[in-house]
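*Asks:* This is the structure, below, for whatever I ask next.
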Amino acid sequence: MAENEYKATVRYAGDDLFIGTSPSGNSVAIDVKSDRKSAQSPLEMLLVSVAACTAADVASIMEKKRQDVREYVVEVTGTRVDDHPRKFIAFHVHHIVRGHNVSEQALASAIQLSDTKYCSVAATVRPTATITTSHEIIEVET
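Numbering of the sequence shown is given in our numbering, commencing with residue 131 and proceeding in unit increments.
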């Protein structure tokens with residue numbers, strides 16, 4: 131396998147359950163029976179991936195900018211079309227930062243860098259879906 135290729139596997143475990151194994155060897159249960167909800171569905175994993183990718187970028191950038199972030203949460207909502215294959219056509223990513231004297235400019239810049247330069251998941255979905263972002267800063271005492 132070439133250096134820039136990644137390989138994951140998915141094994142059927144029965145009853146609409148699958149076990150996905152990532153290139154790093156970590157496994158996750160995947161549930162495609164929509165009413166059971168015993169594990170993430172593939173679509174839910176995509177939402178989490180969009181949020182996690184940008185969260186990792188923004189957290190790292192904010193740390194490098196020496197911002198006093200105490201808590202950081204990313205919420206992502208996805209909009210799908212009604213017709214099959216019911217693909218996502220839009221994502222909205224909302225960043226919530228709790229911290230002390232967090233710079234609005236630093237956060238906006240970090241989000242913009244992640245969205246346009248660093249987040250490979252966003253870059254992967256962007257050709258077929260729009261991505262919008264918003265953020266809020268909640269001041270906390272020292």
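The C-beta atom is built at its ideal place from N, Cα and C for all residues, glycine as well.
Would Ile241 and His230 qualify as a contact pair, given that the criterion is a beta-carbon distance under 8 Å?
*Replies:* Going by beta carbons, Ile241 and His230 fall outside the 8 Å limit.
*Asks:* Using the beta-carbon count (16 or more within 10 Å), is Ile267 buried or exposed?
*Replies:* buried
*Asks:* Out of Ser157, Phe221, Val162 and Thr151, which has the shortest C-alpha to C-alpha gap to Thr184?
*Replies:* Phe221
*Asks:* Scan the stretch 138-173 and note each continuous beta strand (DSSP E) run of 3 residues or more that stays entirely inside, going in chain order.
*Replies:* The stretch 138-173 is shown to contain whole beta strand (DSSP E) runs of 3 or more residues at 139-144, 147-151 and 157-161, in chain order.
*Asks:* Could you check if Gly155 is buried or exposed, using at least 16 other CB atoms within 10 Å of its CB as the buried criterion?
*Replies:* Flag for Gly155 reads exposed.
*Asks:* With Asn266 as the anchor, note down where its alpha helix (DSSP H) starts and where it stops.
*Replies:* Note on residue identity: the sequence assigns Glu, not Asn, to residue 266. Careful: Glu266 lies outside any alpha helix (DSSP H), inside the beta strand (DSSP E) at Thr260 to Glu269.
*Asks:* Spell out a yes or no on whether the stretch 194-212 and the stretch 236-254 are touching, meaning 3 or more CB-CB pairs, one atom from each, closer than 8 Å.
*Replies:* yes
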